[in-house]
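Numbering (this note's numbering), first residue to last: 169 to 297.
Glycine included, every Cβ here is placed at the ideal spot set by N, Cα and C.
Just so it is clear, the structure is predicted and the values come from calculations on it, not from any experiment.
Here is the structure we will look at.
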Ligand SMILES: [Zn+2]
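Structure below.
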């Protein structure tokens with residue numbers, strides 16, 4: 169049905185998509201979910217609540233939820249006068265992939281007793297064309 173173009177360049181959402189429930193045209197929309205922006209197609213018929221999540225974004229979102237629900241056990245090491253913990257590479261790589269974040273400075277807060285938080289630089293939204 170399609171020619172052999174790279175699916176990343178030839179975005180399926182650039183096609184005219186008709187709702188399979190009611191046959192009306194679907195419109196592009198960005199949905200925000202847990203701080204994650206997902207591309208979707210939403211039915212233009214207001215009575216019909218059909219929507220299609222972009223398959224690439226869906227995969228990324230699932231990966232994100234998966235990481236979010238994971239608990240990592242990391243060890244504290246004394247390095248000079250500080251303690252160091254390792255941040256699992258898969259978390260940092262995922263953030264890098266998503267946000268093109270390269271800053272190595274993070275903010276650390278003593279949030280609560282028994283809890284520290286790390287804040288990565290506030291990031292601009294990933295730009296998509
Ligand atoms: Zn519909």
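With 16 other Cβ atoms within 10 Å as the buried cut-off, status of residue i
i           : result
residue 169 : Only weak support exists for where residue 169 lies, its pLDDT of 43 falling under 50; the coordinates are left without a value.
residue 273 : exposed
residue 244 : exposed
residue 211 : buried
residue 282 : exposed
residue 277 : exposed
For residue i, three-class secondary structure by DSSP
i           : result
residue 244 : coil
residue 202 : coil
residue 192 : coil
residue 294 : Low confidence applies to residue 294: its pLDDT is 47, below 50, so where it sits in the model is not reliable, and the reading given next is rough at best. Note: residue 294 maps to coil in three-state DSSP.
residue 238 : coil
residue 272 : coil
residue 278 : strand
Residue i beta carbon near ligand 1 (any heavy atom closer than 7 Å)
i           : result
residue 192 : yes
residue 213 : yes
residue 219 : no
residue 189 : yes
residue 216 : yes
Beta-carbon spacing of residue i, residue j below 8 Å
i           : j           : result
residue 221 : residue 233 : no
residue 262 : residue 287 : no
residue 224 : residue 209 : no
residue 235 : residue 265 : no
residue 254 : residue 242 : yes
residue 189 : residue 216 : yes
Residue-chain proximity (residue i, chain B), Cβ-Cβ < 8 Å
i           : result
residue 243 : You won't find chain B in this structure, because it holds only one protein chain.
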